[in-house]
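First comes the structure, then the notes that go with it.
Protein chains: 2
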Amino acid sequence: MNKKLSVSEARVLEASWELLAQDGIEKFSMRKLANLIGIQAPSIYWYFKSKQLLFQALANQVAKDILLAIHPQGDWKEQLHDYAVTMRKQLQQYPCSAQLLMQTLPLERDYLQMINQFLQAIEPLPLSDKQKFNYIICVINYVLCHELDEYERRQVETELESETEQSLEQWALHVFEQVPAEKISIIHRMYTNGLFAEVGTDEMFVSGLDILLRGIEQKVIASS
Amino acid sequence: MNKKLSVSEARVLEASWELLAQDGIEKFSMRKLANLIGIQAPSIYWYFKSKQLLFQALANQVAKDILLAIHPQGDWKEQLHDYAVTMRKQLQQYPCSAQLLMQTLPLERDYLQMINQFLQAIEPLPLSDKQKFNYIICVINYVLCHELDEYERRQVETELESETEQSLEQWALHVFEQVPAEKISIIHRMYTNGLFAEVGTDEMFVSGLDILLRGIEQKVIASS
DNA sequence: ACCTGAACACCGTTCAAGT
DNA sequence: ACCTGAACACCGTTCAAGT
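In order, the protein sequence lines correspond to chains G and Z.
The opening residue of the first sequence carries number -2 in my numbering; numbering runs sequentially from there.
The opening residue of the second sequence carries number -2 in my numbering; numbering runs sequentially from there.
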């Protein structure tokens, strides 16, 4: 928006998503990226002054997409709920997007606007600015954390399976056997009851989001 | 506990904390670590098979410390509140501890035990295992995110000041000027009202924690 | 304006060889 | 059991030089 993308600048961003999908953010390198585009590594530096700034541009692309996908509807609670669900859906469209947003301080144009949109949903509520800001950051962090955990779980899972041909659940249970059962009794029970398969599901996401929104609601009620 | 630390193994861990405090987790390298201890880089690999496993050991040290600092007292709400506050306090004792815990899947002994301890606080509540687990993960993630944000803010701040001799607040306001004011009106108002100085304070931490706990409370009430 | 080759100053990790 | 030197296969980034 504030800067028209040249063909090649867009090309770098496009190839970056491809590389992130292939190798993940840990193994992302400027050399591999250049290779994918068909140029030499130093050429990228003509478009982005550093890897950091490239990542920021990627993060901002995601933020912009989230912003575009958001449409206010219903009361503040329904709005925040929809915003969070929409944000998660958009994050899932881009590889490693949660990491990118986490690594970027929210001082980019579209990221700021996204936060502003979230803030607008609770603007009329009888809360202090401090509260409003803090609560919105909590909701956004919740969505990001959820995606981060999901990503990490998938990583360890595929890594484990390619190495030992064991599922993560099997391995977890094996780990538990080495720890005195009484010391982790509750978590042990949960895992043997098949809780593992539920981690990261839509239901879990909505359930965690719900306590956040109910918590905010209580604060609203308390101060009106 | 399950493995007696040799003098040098403890020495590696000790030096690791020193290096993390000096350089941060991004610039942590095995070579610098070796240098700090007074050995060659490959020697570290006798104690820890990889950088990853060294980080896991560090994370587990933090988890153990949190566990030791926790003492159940009061009802479930007071307990969770104290646990979160204690966890934050312990995280602040170690440099980059939040990053270390975030990077580590909770499958280490002491980390598991820590989660179990949190779970114990809400064990008697009339909630499903799924809910209990999810809510506790939310609380733990909240504490970690809060520390992460704080760390990131400090990083950018010192980086910015050494480069441009500007404070983060000045720079943020400058960024705002480049964005159409109407599009970020709320966040703009908040920043000009001095909200910036409040980010990351104890008060903010407790305020966010509170909506989580109240949210859980509502769920308890709803299902009893 | 856009791209390259060569180079700098680093990485994590392996491994034969030393004591 | 513990440590080293040398080496492998990488990094991000700079910069003079090309077109």
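Glycine residues also receive a C-beta, built at the ideal position from the N, C-alpha and C atoms.
Owing to the predicted nature of the structure, the values given are computational and were not obtained by experimental measurement.
Minimum Cβ-Cβ distance from residue i to chain G less than 7 Å
i: Q37(Z); result: no
i: C93(Z); result: no
i: Q215(Z); result: yes
i: M187(Z); result: yes
i: I181(Z); result: yes
i: V82(Z); result: no
i: V140(Z); result: no
i: N113(Z); result: yes
Endpoints, alpha helix (DSSP H) assigned at residue i
i: T161(G); result: 126 to 161
i: D199(Z); result: 199 to 219
i: H171(G); result: 165 to 174
i: F52(Z); result: 48 to 66
i: Q96(Z); result: 94 to 100
i: L33(Z); result: 27 to 34
i: F115(G); result: 106 to 119
i: A38(Z); result: 38 to 44
i: K86(Z); result: 73 to 90
i: I22(G); result: That residue, I22(G), is in no alpha helix (DSSP H); it is neither H nor E in DSSP.
i: I181(Z); result: First-last for I181(Z): undefined, no H or E at that position.
Residue i to residue j span [Cα, whole Å]
i: Y139(G); j: L77(G); result: 12 Å
i: Q215(G); j: M27(Z); result: 49 Å
i: R8(G); j: M111(G); result: 25 Å
i: Q114(Z); j: R106(Z); result: 12 Å
i: I213(G); j: I208(Z); result: 6 Å
i: F173(G); j: Y44(Z); result: 24 Å
i: E23(Z); j: P123(Z); result: 43 Å
i: A18(G); j: P92(G); result: 5 Å
i: S13(Z); j: L65(G); result: 44 Å
i: Q117(G); j: P69(Z); result: 40 Å
i: C142(Z); j: Q175(Z); result: 29 Å
Any C-beta of chain Z under 7 Å from that of residue i
i: C135(G); result: yes
i: G205(G); result: yes
i: N131(G); result: yes
i: S220(G); result: no
i: Q110(G); result: yes
i: D126(G); result: yes
i: H212(G); result: Looking at the sequence itself, residue 212(G) is Gly, so the reference to His does not match. At least one chain Z Cβ lies under 7 Å of G212(G).
i: L98(G); result: no
i: R106(G); result: yes
Burial state of residue i (16 or more Cβ within 10 Å)
i: A219(Z); result: exposed
i: R151(Z); result: exposed
i: H171(Z); result: exposed
i: E144(G); result: buried
i: D62(G); result: buried
i: G71(Z); result: exposed
i: D146(G); result: buried
i: K129(Z); result: buried
i: G205(Z); result: buried
i: L30(Z); result: buried
i: Q90(Z); result: exposed
i: R50(G); result: Before going further, note that residue 50(G) is Leu rather than Arg in the sequence given. With fewer than 16 other Cβ atoms within 10 Å, it is exposed.
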